[in-house]
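Residue numbers (the working numbering): 277 to 799. Built from N, CA and C at the ideal position, the CB exists for glycine as well. Only a predicted model underlies this, so the values are computations on that prediction, with no experimental measurement involved. The next block holds one structure in the form of structure tokens; read it before the comments.
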Amino acid sequence: MSAESGFEIKPVYDSGDLPDDVGERLGRPGEYPYTRGVYPTMYTKRPWTMRQYAGFGTAAESNARYHQLLKAGTMGLSVAFDLPTQMGYDSDDPIAHGEVGKVGVAIDSIDDMRRLFDGIPLDQVSTSMTINAPGSVLLLLYQLVAEEQGVAGSALQGTIQNDILKEYIARGTYIFPPKPSLRLVADTFAYCRTEIPRWNTISISGYHMAEAGATPAQEIAFTLANGIEYVRAAVAAGLAVDDFAPRLSFFFVARTTLLEEIAKFRAARRMWARIMREDFGATNPKSLMLRFHTQTAGVQLTAQQPEVNLVRVAVQALGAVAGGTQSLHTNSYDEAIALPTEKAARLALRTQQVLAYESGLVETVDPFAGSYVIEAMTDEVEAAATALIERVFDHGSAVEAIEQGFQKQEIESSAYRIAQQIDSGERVVVGVNRFVSDDDEHYEPLRVDPKIEADQAARLAALRSDRDGAAVEAALADLRKAAEGTENVLPPMREALRRRATVGEVCHTLRGVWGVYHPVEHF
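If you want it as structure tokens, here you go:
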């Protein structure tokens, strides 16, 4: 049997499969090269942050779900935005028709952000926001709402995904071309260094590439290559590497292939530590640490026999925890059918709690260290990923490789190979190509009320009539001027949002200066 990354999985591993210096190379937990974890004690003092990714319909509906999750014991919020918000369009824009509130919450203005976090003290929760092209816009709205609560930016903790390069590779929610997009990322790094210093300014994501079909080796190779590109862009913008690198974070998937996933996480840590120290001269230990969030693999959930997904998610979560994740979202068993119900979301959280409080995993650091198979697989994944990174930069840069379609083509080839293995039965998917059942129980999915779109449009109309229109136009003009020049665009953007400019108006202002990205098809 071969691993997804291509190397053969041997029936037996022993000391002959490992280099003689394996113990010396591994080091200790919390020490370079961080193969065994970024902190010396890992979960023995406190468990990972348990997040649940949630957001649907209106801000008020999502706020109610957040309160339910916090009551159930979640330790951090993770916000899902609808597609119009992700693409920088207001809910009343014609292009948003039919998508408002469907795959996440609709956020059009500071009014919506205020409703989203009503009754939630932002100095006491860590918030992750899955938003990319307009990531800086949503972060500024969050900061403004925190200020209304009396919470300073220095007290805020959380993450914006803000990883635009993977959008060009695998997901597609981009707005601007790569160069101005990288400028916006660098501006966010610089802004947060002084204004929101505890915020993770980017979550460099392999998750969506994995969901598109990337193997574990491809996932970390293309993610780390994008990370290199972001670091280069920030350094080129005049930032010192140790001033921003400690706030970089990563986002990976956890599949059901338990051993390969544990090896993947360990290899990624080791690779990033070396890249930052050897390629960029970082000296702050925090600049060398690959801290990451994990989400269980949505693409592996099945609509057939959905309760079996509870087992899949438990195995995937086990891999993430054994691999040393800093935070984790467990998917709900019904997500292959619709948005999660309240019961399903609670069961997903309970999965993490069982691992943290009943499994004994938190009693020791890096429990798989020294395992012949894990150490050999870690080396195999690292070797495969390192070779792929070299192939990316044979194109000149990660951006140039993206523009030439390299990563996308590699991922599509892997996805096709895995699909063939599933179709042939070589790779088993329980309930789909083996152990099929004809008597699945009826499932009633959560449905989003289509009236939401009209309600959001009405709220936008009221906002535009109530605000000072001249002040908004003046603030947007200041933003346009900054975008045309070289100054940081976030301060004028913040002022426009404070004056109740909408997400769409801010993004349209930037579209007018920077343009819109149109991908080139590669055949």
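Proximity below 7 Å, CB of residue i to CB of residue j
i	j	result
Thr570	Ala544	no
Ser367	Gln732	yes
Glu729	Val355	no
Thr334	Met351	no
Leu631	Val597	yes
Gln328	Leu346	no
Asp369	Leu739	no
Gln592	Ala573	yes
Thr778	Ser385	yes
Arg550	Pro309	yes
Val649	Met318	no
Ala509	Ser563	no
Ala431	Arg391	no
Met485	Lys540	no
Val708	Thr601	no
Tyr467	Leu755	no
Ala490	Ile687	yes
Gln581	Ser741	no
Leu800	Ala751	Absent from the model: residue 800. The displayed extent of the chain is 277 to 799, so no value can be given.
Leu625	Tyr609	no
Of the residues the options, the one placed nearest residue i, counting alpha carbons only
i	options	result
Glu280	Val584, Ala614, Asp754, Glu536	Glu536
Gln419	Ser603, Gln433, Ala759, Val379	Gln433
Val379	Glu702, Pro616, Gly429, Leu637	Pro616
Leu623	Glu583, Ile504, Glu658	Glu583
Ala557	Gly574, Asp519, Arg542	One point to set straight first is that residue 557 is Gly, not Ala, in the sequence displayed. Here the closest residue by C-alpha is Asp519.
His794	Ser404, Ile445, Ala621	Ile445
Asn824	Pro522, Ser457, Ile650	It is not possible to answer for residue 824, since the shown part of the chain is limited to 277 through 799.
Phe568	Ala579, Leu500, Ala734, Thr778	Leu500
Ser402	Arg774, Asn408, Trp475, Val314	Trp475
Cys783	Arg693, Ala513, Asn408	Asn408
Gly282	Gly780, Thr477, Met653	Met653
Leu398	Met405, Val427, Val381	Val427
Gly636	Asp297, Glu307, Thr320	Thr320
Ala663	Lys757, Val706, Ile496, Arg775	Ile496
Ser689	Ala488, Gln680, Arg553	Ala488
Ala330	Met405, Val288, Thr470	Met405
Pro424	Pro410, Phe452, Gly395	Pro is not the amino acid found at residue 424; the sequence shown has Glu there. When each option's Cα is compared against that of Glu424, the closest is Gly395.
Whole-number beta carbon distance between residue j and residue i, since they are thought to touch under 8 Å
i	j	result
Ala660	Ala493	4 Å
Asp439	Asn502	7 Å
Leu415	Ile436	5 Å
Arg304	Arg312	7 Å
Tyr365	Leu353	Contact doesn't hold; Cβ gap of about 24 Å is too wide.
Gly821	Ile538	Residue 821 cannot be examined here, being either before or after the span of the chain that is shown, 277 to 799.
Arg266	Gly701	The shown model of the chain, from 277 to 799, leaves out residue 266, and the question about it has no answer.
Arg723	Ala747	Not a contact, Cβ separation roughly 40 Å.
Buried or exposed by the 16-neighbour rule on C-beta atoms within 10 Å, applied to residue i
i	result
Ile371	exposed
Val675	buried
Ser291	exposed
Gln670	Per the sequence shown, residue 670 should be read as Asp rather than Gln. Flag for Asp670 reads exposed.
Arg459	buried
Val413	buried
Asp699	exposed
Asp668	The question names Asp, yet the displayed sequence has Val at residue 668. Counting Cβ neighbours within 10 Å, Val668 comes out buried, since at least 16 surround it.
Gly448	exposed
Glu781	buried
His373	exposed
Segment limits, alpha helix (DSSP H) that includes residue i
i	result
Thr662	648-669
Ala510	492-512
Leu416	411-424
Tyr289	Looking at the DSSP string, Tyr289 is not in any alpha helix (DSSP H), and its letter there is neither H nor E.
Ser741	727-742
Tyr483	483-487
Arg723	Segment: none, Arg723 is in no alpha helix (DSSP H) and carries neither H nor E.
Arg327	It is not in any alpha helix (DSSP H) - Arg327 instead sits in the beta strand (DSSP E) that spans 325-330.
Ile800	Examination of residue 800 is not possible in this model, given that the chain is present from 277 through 799 alone.
Gln400	Premise fails: Gln400 is in no alpha helix (DSSP H) and is neither H nor E.
Gly745	745-760
Ser563	561-564
His784	779-790
Ile386	386-392
Phe520	517-520
Thr627	618-633
Bounding residues of the beta strand (DSSP E) (the contiguous stretch that carries residue i)
i	result
Ala340	Per DSSP, Ala340 belongs to no beta strand (DSSP E); it is in the alpha helix (DSSP H), 335-348.
Ile451	Premise fails: Ile451 is in no beta strand (DSSP E) and is neither H nor E.
Ser713	Where Ser713 is concerned, there is no enclosing beta strand (DSSP E), given that its DSSP letter is neither H nor E.
Ala549	That residue, Ala549, is in no beta strand (DSSP E); its alpha helix (DSSP H) goes 534-550.
Arg531	Element bounds for Arg531: n/a, residue is neither H nor E.
Phe357	Counting along the chain, Phe357 falls outside any beta strand (DSSP E), and DSSP gives it neither H nor E.
Gly434	433-436
Proximity test, Cβ basis, 7 Å: residue i and chain C
i	result
Leu515	Absent here is chain C; the protein component of the structure consists of one chain.
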